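Numbering (our numbering), first residue to last: 872 to 1179.
Where is the CB? At the ideal position from N, CA and C, for every residue including glycine.
Quick caveat, the model's predicted, so the values are computed rather than measured.
Notes follow the structure.
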């Protein structure tokens, strides 16, 4: 019995892919919660409670639900079979025998149903912000991986219709819930963090490029589309594009947030240098640079939270 429990816990922890959740979801939560702790008179106890709830929600939706659907879909299409599987290639819980395909599907399906029922319950009690946040999270997880939409298999759509809104809304959720409205700084932080998240996800797809091409149906990510259209060297263009847009947002921050704007310019310039410098054919190097981008994403989130 203890071995079964241990196996379930190890499988669940592997499925979470906590580094990815920390670098995207938790980082963007911190980016909005920090100013509430530092610059408002809101109760510290209330803010800690809200932070914990948002973090648990992030791990539930972006960790368990999203990865369950993604691993299920990618296993069926075959892309994970060909992946170098360092940081990319899914959690590997199916391949390692930790969780069966049917169990993974049941987990994702029933978790999505429970979350939708919770969202409807919140709506009945006029908690519309919570309803919207949960439904967007479930939408993002399902639309990104599951047919018929399977937006991660279509260039640009997975990023903009699934990933971006999910990170964006989570990013300003803390301020929206606690203040009752979305201040400009919260929207700025959420947008910039979401764009940086898109950029490292695009780097994340580069090692899987050939595997994604062999999937049935083909997983035509933005990375695959650029590589097919213009050549392998240009597979880095989606990451550069999203970093460039994030860099332009320094203008949006303006003189009111000059320290934050300066920090963004420095970090984005360094990140773009790394993406331009990396050898896209060297999986180990791409993975190493991705880890640096994950660290930069967390530094950016904290910096934006401090300098508002």
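In terms of residue numbering, what span does the alpha helix (DSSP H) encompassing residue 1161 cover? 1154 to 1177
Determine, using beta-carbon pairs with one atom in the region 1037 to 1045 and one in the region 1016 to 1029, whether at least three such pairs fall under 8 Å. no
Enumerated in chain order, which unbroken segments of the beta strand (DSSP E) with a length of 3 residues or greater are wholly contained in the region 882 to 913? none
Buried or exposed: which applies to residue 1090, given that a residue is buried once 16 or more other Cβ atoms fall within 10 Å of its Cβ? buried
Inter-residue Cα distance where the pair is residue 1059 and residue 1012: 24 Å
Burial state of residue 991, where buried means 16 or more other Cβ atoms lie within 10 Å: exposed
Rank 1146, 1088, 1015, 1102 by C-alpha distance to the C-alpha of residue 938 and give the top, closest one. 1015
Any idea what DSSP makes of residue 1064, helix, strand or coil? In the three-state reduction of the DSSP assignment, residue 1064 falls in the helix class.
Beta-carbon within less than 7 Å of residue 1046's beta-carbon, same chain only, minus the 5 sequence neighbours each way: which residues are those? 903, 907, 1053, 1054, 1057
Output needed for residue 978: all residues of its chain with C-beta closer than 8 Å, excluding positions within five of it in sequence on either side, in chain order. 935, 939, 970
Mapping DSSP to helix, strand and coil, what is residue 1046? helix
If residue 892 and residue 920 are in contact, beta carbons under 8 Å, what's the gap, nearest whole angstrom? Contact doesn't hold; Cβ gap of about 20 Å is too wide.
Exposed or buried, residue 1151, counting other C-beta atoms within 10 Å across all chains shown (16 or more means buried)? By the 16-neighbour rule on beta-carbons within 10 angstroms, residue 1151 is buried.
Spatial neighbours of residue 949 within its chain, please: CB distance less than 7 Å, with the 5 preceding and 5 following residues excluded, ordered by chain position. 1085, 1086, 1087
Buried versus exposed, by CB contacts within 10 Å (16 or more), residue 872: Unreliable placement is indicated for residue 872, whose pLDDT of 49 sits below 50; no coordinate value is reported for it.
Neighbourhood of residue 945 by C-beta, 7 Å cutoff - its chain only, sequence neighbours within 5 removed: 951, 961
Please classify residue 1024 as buried or exposed, where buried requires at least 16 other C-beta atoms within 10 Å of its C-beta. Buried is the label assigned to residue 1024, since at least 16 other Cβ atoms lie within 10 Å of its Cβ.
Just the C-alpha distance for residue 1119 and residue 1159, rounded to the nearest angstrom, thanks. 26 Å
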